[in-house]
Structures are given as structure tokens and as C-alpha cells.
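Scroll down for the structure; my scribbles are underneath it.
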Amino acid sequence: MPDTAILHSPRSPATTEHFDVLIVGAGISGVGAAYHLTTQCPDKRFVVLETEETFGGTWWTHKYPGIRSDSDLHTFGYRFKPWRGAPIATAEEILRYMGEVISENDLARHIRYGHHISHASWDSAKKLWTIDAVDKVNDTARRFTCGFLYMCQGYYRHRQGYMPEWPNMAAYQGRLVHSEEWPEDLEYADKRVVVIGSGASAATIIPAMAAKAAHVTMLQRSPTYFRVGRNAIEIAEELRSLGISEDWIHEITRRKILFEQAKFAKMTFTNPEQVKEALLDGIRGIVGQDYDIATHFTPTYRPWRQRMAFVPNGDLFHGIASGKASVVTDEIERFSEKGILTKSGQEIEADIIVAATGFNLNILGDIAFEIDGKPLDFHETVTYRGMMFTGMPNMVWVFGYFRASWTLRADLVGDFVCKLLKHMDSAGKKQVEVALREEDHNMPILPWMDPENFNPGYLMRGMHLLPQRGDKPEWMHNQDYWAEKDEFPQIDLNDAAFIYK
Ligand SMILES: Cc1cc2nc3c(=O)[nH]c(=O)nc-3n(C[C@H](O)[C@H](O)[C@H](O)COP(=O)(O)OP(=O)(O)OC[C@H]3O[C@@H](n4cnc5c(N)ncnc54)[C@H](O)[C@@H]3O)c2cc1C
Numbered sequence: 009m010p011d012t013a014i015l016h017s018p019r020s021p022a023t024t025e026h027f028d029v030l031i032v033g034a035g036i037s038g039v040g041a042a043y044h045l046t047t048q049c050p051d052k053r054f055v056v057l058e059t060e061e062t063f064g065g066t067w068w069t070h071k072y073p074g075i076r077s078d079s080d081l082h083t084f085g086y087r088f089k090p091w092r093g094a095p096i097a098t099a100e101e102i103l104r105y106m107g108e109v110i111s112e113n114d115l116a117r118h119i120r121y122g123h124h125i126s127h128a129s130w131d132s133a134k135k136l137w138t139i140d141a142v143d144k145v146n147d148t149a150r151r152f153t154c155g156f157l158y159m160c161q162g163y164y165r166h167r168q169g170y171m172p173e174w175p176n177m178a179a180y181q182g183r184l185v186h187s188e189e190w191p192e193d194l195e196y197a198d199k200r201v202v203v204i205g206s207g208a209s210a211a212t213i214i215p216a217m218a219a220k221a222a223h224v225t226m227l228q229r230s231p232t233y234f235r236v237g238r239n240a241i242e243i244a245e246e247l248r249s250l251g252i253s254e255d256w257i258h259e260i261t262r263r264k265i266l267f268e269q270a271k272f273a274k275m276t277f278t279n280p281e282q283v284k285e286a287l288l289d290g291i292r293g294i295v296g297q298d299y300d301i302a303t304h305f306t307p308t309y310r311p312w313r314q315r316m317a318f319v320p321n322g323d324l325f326h327g328i329a330s331g332k333a334s335v336v337t338d339e340i341e342r343f344s345e346k347g348i349l350t351k352s353g354q355e356i357e358a359d360i361i362v363a364a365t366g367f368n369l370n371i372l373g374d375i376a377f378e379i380d381g382k383p384l385d386f387h388e389t390v391t392y393r394g395m396m397f398t399g400m401p402n403m404v405w406v407f408g409y410f411r412a413s414w415t416l417r418a419d420l421v422g423d424f425v426c427k428l429l430k431h432m433d434s435a436g437k438k439q440v441e442v443a444l445r446e447e448d449h450n451m452p453i454l455p456w457m458d459p460e461n462f463n464p465g466y467l468m469r470g471m472h473l474l475p476q477r478g479d480k481p482e483w484m485h486n487q488d489y490w491a492e493k494d495e496f497p498q499i500d501l502n503d504a505a506f507i508y509k
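Every number in this note's numbering is 8 more than the matching position in the sequence shown, counting from 1.
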């Protein structure tokens with residue numbers, strides 16, 4: 009049972025519960041964190057606080073038609089639990105998988121749902137975080153203390169999309185919805201639909217809606233790269249037909265996928281034109297030679313600068329080939345009563361307009377942080393490998409990969425946290441913080457991510473809120489699974505970058 013101490017401030021909640029570790033969020037990262045603590049640090053008492061009424065994060069809050077992963081579940085799934093289904097999975101399948109992880113490892117007893125965290129403050133004298141949350145079910149303030157904060161809050165605001173301001177939006181007489189805020193009552197059978205956007209969400213929504221709608225138009229300002237392929241991994245199918253155990257299939261399939269991805273990522277730098285042609289050929293094979301691929305599916309940037317969605321079985325392009333869906337590549341001039349007027353003078357009439365225009369960044373779960381009574385300016389911090397931050401003691405943040413599956417990094421960070429906690433225990437230390445070493449003091453301090461390398465809109469819009477980085481591997485968030493999988497286990501916890509107290 010957790011420690012319970014009575015507090016005397018009348019404005020404070022009546023009791024405080026103490027845990028060794030507090031995990032923020034029960035998405036795929038938070039549930040993974042709970043698993044790693046349970047298996048690698050069984051003596052640690054921990055709690056997971058989640059604002060939603062259930063686990064899943066991304067896979068629970070997204071409700072748009074066709075919601076599915078855009079990377080394969082062999083690598084988006086945890087390394088410790090085999091994925092048995094098709095590689096691209098629906099949200100429902102991912103939630104079922106996560107539910108099994110929770111029940112098989114008895115994790116439910118650690119998770120408190122409906123707990124929204126608003127404040128976190130660190131006290132150096134007590135070497136303790138104090139966390140204030142609202143228990144939404146009982147409408148009660150709750151206070152927790154913990155020695156270590158394990159931030160698994162994701163990176164964007166759930167249930168609130170990024171909606172650009174276009175002229176004359178109020179004049180539109182149809183229904184305007186955002187993909188992040190899908191209304192349960194939206195009926196779209198036989199309706200004319202325009203989907204604004206060309207990212208993974210648009211690519212999912214369009215074929216799913218096209219099945220019932222009168223017509224779906226994809227309206228994009230500029231094209232995006234897509235990978236087209238069968239929703240199956242041959243090696244997994246073959247091994248399964250040979251009766252190989254699921255653990256082996258998982259491991260071999262992961263290794264094969266990661267090997268192929270590394271080759272692909274390398275080629276996007278060494279032979280970008282060849283990669284580009286191969287990607288376009290995949291689309292051409294479905295929409296036909298006469299389709300205007302140059303206008304609608306040929307981006308100006310090199311492949312991989314933005315996240316690339318996998319289109320299982322080419323469903324988006326089959327929708328286009330069948331005439332149920334079409335693409336307009338143009339800018340929005342303004343909204344009209346009936347739809348959208350584009351800069352080239354075309355009016356696209358629509359009963360429903362779906363803005364699949366992306367996210368708003370959520371920094372540290374939108375929690376107000378204080379360090380020894382001073383509000384935290386997160387942008388002033390420098391990141392240690394995209395996990396820890398200068399001036400923020402006893403805290404690790406999970407921020408996954410974009411070019412590989414997010415969860416690969418959640419598993420690596422899990423190992424790091426457990427190793428760090430054990431190291432602190434054996435050294436008899438209660439506080440750890442990262443700090444620039446003497447040799448780092450002349451290091452250039454740069455923005456969180458190099459826009460030349462990776463530049464999605466939500467990151468660019470929020471760069472001024474994100475931490476900064478240096479130009480050495482330990483002071484960067486390099487988004488490189490293939491380097492980090494070898495580097496992370498080798499991290500020297502006695503390095504001068506770690507300050508223990
Ligand atoms: C539609 C969609 C599809 C995607 N597909 C893929 C994919 O195929 N492959 C891939 O690698 N990535 C994909 N991503 C990125 C994806 O978000 C991550 O891969 C992953 O699901 C993030 O998991 P997470 O647990 O870190 O964060 P989230 O899923 O965002 O979960 C964070 C949890 O923390 C909770 N939380 C946040 N703040 C607080 C607070 N203050 N108090 C209490 N609780 C809080 C939230 O309610 C949420 O449940 C996709 C993203 C979207 C939106």
C-alpha cells in the first residue's frame with residue numbers, strides 16, 4: 009500500500025500518496041513503462057495516472073473512419089509481446105493487444121484512470137516531486153509525491169486538432185469537422201466530402217469514407233510521399249506456415265523489417281531519385297500511366313523528410329482509380345456557402361469538409377512545472393539524448409521515433425530508466441540530473457530538431473517551446489533507432505553528464 013500523509017493546508021487535497029515512480033499517461037508508452045518497471049524493477053512502487061477513462065492514448069481518442077496504424081505492428085508492438093495479426097492494424101486491434109499486455113502482467117492495479125495532472129513541482133531539499141491531479145470521476149483534487157517522474161504523455165493534444173484560419177469559414181453552410189475531434193453522429197452516406205490534407209490521417213479517412221460517401225475529394229496544398237504494399241509480411245506468413253513459435257516469428261520479423269527500413273532510410277539520402285521513382289511506381293501501378301502523378305503525388309522534398317505513411321493494399325489509390333475519390337492539388341482561397349474556392353478559381357462543393365490538418369503540440373502533458381518554486385522554462389533546457397533535460401531532476405521523457413516505430417524507443421527508454429533507478433539505489437543517491445560537462449561549454453546550442461532533417465508542421469510551430477540540443481550525440485535527439493539501439497545499453501551512468509546527490 010502507498011504511504012499516506014495528512015496535509016494541513018486547507019487548499020490542498022486531504023491526503024498525499026507516495027510512490028517511488030509516477031508514470032504520466034497510459035498510452036502505448038505508459039503501459040510499456042509499467043511493464044518495464046514491473047519486470048526490471050519489481051521492488052519499485054509505482055502508479056500510472058491517465059486523464060482518459062481507459063488506456064490506449066492515441067488509439068483510444070482517435071475515432072475517425074478507418075483509424076489504423078501507419079507503421080507495422082511487429083515493430084510498433086512491444087519487443088516483449090508478439091504481434092500475430094496483419095502488420096497494419098486498426099485502433100481496435102491495437103487496443104486489444106494493449107489490453108492483453110495489461111491483463112497478462114497484472115498492470116491494471118497500478119493505473120488510475122480519469123486523473124488529470126495539472127501541476128508538478130520539484131523540491132530539491134526533499135528530493136521529491138509533488139504532483140497535483142484532478143480525479144474527474146469523483147471531482148476531487150488528488151496529491152501525489154514521487155521520487156521519479158516517468159513522462160509518457162505523448163506529443164500532441166488529444167481531442168483538439170490544429171485548424172488553420174481560412175477566409176470566410178463562417179459562411180460555409182455544410183458541416184466542418186476536424187479529424188482529431190470526430191463527431192460520433194456524423195452521417196456521411198451519399199454525401200459529397202472534401203478532406204483537407206495529405207498526411208496519414210487523410211490517407212486513412214479518404215478510402216474509408218469513399219466506401220459510403222457519394223464522392224470524396226482530397227484537397228492538398230502539396231503532395232506527400234506514400235508507400236504502397238500488401239498488408240502482410242511474407243517472412244511472418246512463411247514462418248507461421250512452418251509452425252515456428254510466435255516468439256521467434258516476432259523476433260525474426262522485427263529484425264527483417266528493421267534491416268529493410270535501415271536500408272531504405274539510407275537510400276533516401278544516397279539515392280533519393282531512385283527511391284522517389286520506386287515510390288511513384290507503386291502508385292502508378294494502381295492509378296494508371298495516364299494519371300497526373302507529377303501534380304498530385306510528387307513532392308518537392310526528398311523522401312523521409314516528413315513521416316511517410318504506408319497505404320495497405322493501396323486502398324487510397326484504388327479509391328482514386330475507381331472514381332469514388334479524387335485529388336485536387338491547390339491552395340484554399342476562401343470558403344464559400346457551398347464549399348471551398350481554390351486559388352486557381354475552382355469551387356469544390358461539399359456537404360461535409362474534414363480538416364485533416366494535424367495537431368497542436370502538447371509539451372510535457374500541458375502540466376505546469378516548477379523547479380524549487382520557479383516555473384520551468386522548458387525551452388531553456390538542453391536535452392540529454394531526447395530523454396532527460398538540464399535543470400530537471402529525476403525525470404525521463406519518452407519521445408519515440410518518427411521514421412521508425414515509436415515503441416522501439418519506448419522500450420529502449422524503459423531499459424534506461426530501470427538501469428538508472430538501480431544505479432541510484434546502489435549508489436545510495438536520491439537525485440539525478442544531467443548537466444553540460446566542462447568539454448560541452450563551447451558547444452553550439454541548437455533547436456530541438458534540424459528542419460533540414462525532419463520538419464512536420466506541428467514541430468515547426470512548437471519549436472520555440474521545445475528544449476534545445478547540442479551537436480554531440482549525447483546532447484541530441486537524433487531520431488536514429490539504428491544508432492540508439494547500440495548506444496543506449498552502453499550509456500555510462502558514471503559519466504560527468506550525470507550529477508547525483
Ligand atoms: C492517428 C495516428 C496514427 C499514428 N500511427 C502511428 C504508427 O503507425 N506508428 C508510429 O510509430 N506512430 C504512430 N503515431 C504516433 C503515435 O502517437 C505514437 O506512436 C504513440 O501512439 C504515442 O504513444 P504515447 O503513449 O507516447 O502517447 P499517446 O498515445 O499520446 O498517449 C499519452 C497518454 O497520456 C495521457 N496524458 C497526457 N497528458 C496528461 C496529463 N496531464 N494528465 C494525465 N494524463 C495525460 C493522454 O491522455 C494519453 O492517454 C500515430 C499518431 C496518430 C495521431
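Every residue gets a Cβ at the ideal spot worked out from N, C-alpha and C, and that includes glycine. The structure displayed is predicted, hence computed values, not measured ones.
Go through the region 264 to 309 residue by residue and report every complete run of the alpha helix (DSSP H) that reaches 4 residues or more, in order. Here the runs fully enclosed are 280 to 295, 301 to 304.
Margin query: I need the straight-line Cα distance from residue 202 to residue 449, nearest angstrom please.
Written below: Roughly 52 Å between the two C-alpha positions.
Q) Can you tell me where the alpha helix (DSSP H) with residue 329 in it begins and where it stops? A) 323 to 330 is the span of the alpha helix (DSSP H), which, as asked, contains residue 329.
_Given 8 Å as the limit, tell me if residue 370 has its C-beta closer than that to any heavy atom belonging to ligand 1._
Residue 370: yes, Cβ under 8 Å from ligand 1.
Cα-Cα separation between residue 452 and residue 309, rounded to whole angstroms: The C-alpha of residue 309 is placed about 27 Å away from the C-alpha of residue 452.
Residues near residue 16 in its chain [Cβ-Cβ closer than 6 Å; skip 5 each side] = Unreliable positioning characterises residue 16 in this predicted model, as indicated by a pLDDT of 38, which lies under 50. The coordinate reading is nonetheless provided below. Beyond the five residues adjoining it in sequence on each side, residue 16 comes within less than 6 Å, by CB distance, of no other residue in the same chain.
Would the C-beta of residue 253 count as close to ligand 1, meaning under 8 Å from any of its heavy atoms?
Residue 253 Cβ: outside cutoff for every heavy atom of ligand 1.
Residue 70: CB within 8 Å of a non-hydrogen atom of ligand 1:
Yes, since a heavy atom of ligand 1 falls inside the 8 Å radius drawn around the Cβ of residue 70.
Review point. Can at least three beta-carbon pairs, one atom from the region 138 to 158 and one from the region 26 to 34, be found at a separation below 8 Å?
Key: The region 138 to 158, when compared against the region 26 to 34, does touch it at the 8 Å Cβ threshold.
| What does a CB cutoff of less than 6 Å around residue 132 pick up in its chain, not counting 5 residues either side in sequence? | Taking C-beta separations shorter than 6 Å and ignoring five residues to either side along the sequence, the partners of residue 132 in its chain run 380, following chain order.
Straight-line gap, residue 13 to residue 454 (C-alpha atoms, nearest Å) = At residue 13 the pLDDT is 41, less than 50, meaning the model places this residue with poor confidence; the figure from the coordinates comes in the next sentence. Between residue 13 and residue 454, the C-alpha separation is close to 44 Å.
Output the distance between the C-alpha atoms of residue 503 and residue 123, rounded to the nearest integer angstrom.
Those two C-alpha atoms are separated by around 37 Å.
Item to check | Neighbourhood of residue 389 by C-beta distance below 8 Å, restricted to the same chain and skipping five residues each side | outcome: Apart from the 5 residues on each side of it in sequence, residue 389 sits with its Cβ closer than 8 Å to the Cβ of 397, 398, 399, 400, 475, 476 in its chain, given in chain order.
TODO: List the endpoints of the continuous alpha helix (DSSP H) containing residue 419.
DONE: That run of the alpha helix (DSSP H) goes 414 to 435.
| task | Consider the C-beta atom of residue 129 and the heavy atoms of ligand 1; say whether any pair is separated by less than 8 Å. | result | Because no heavy atom of ligand 1 lies under 8 Å away, the Cβ of residue 129 does not count as near it: no.
*Would you say residue 57 touches ligand 3, meaning its beta carbon is less than 8 Å from a heavy atom?*
Looking at this structure, you won't find ligand 3 anywhere; what it does contain is ligand 1.
| message | When you measure from the CB of residue 412 to every non-hydrogen atom of ligand 1, does any distance come out below 8 Å? | response | Residue 412 Cβ: within cutoff of ligand 1.
Check your understanding: When we look at the beta-carbon of residue 319 and count the other beta-carbons within 10 Å, is it buried (16 or more) or exposed?
Key -> Residue 319 should be labelled buried.
Alpha helix (DSSP H) runs contained entirely in the region 27 to 81, provided each spans 4 or more residues = Counting only runs of 4 or more, we get 36 to 48, 66 to 69.
**Asked** DSSP beta-bridge partners for residue 166?
**Response** Bridge partners of residue 166: none, in fact.
- Task: Write down every uninterrupted run of the alpha helix (DSSP H) in the region 205 to 249 whose length is 4 residues or greater and which is fully enclosed by it, in chain order.
- Result: Those alpha helix (DSSP H) runs which fall completely within the region 205 to 249 and span 4+ residues are 208 to 218, 242 to 249.
- Between the Cα of residue 145 and those of 212, 58, 370, 224, spot the shortest distance and give me the residue it belongs to. The shortest C-alpha separation from residue 145 is found at 58.
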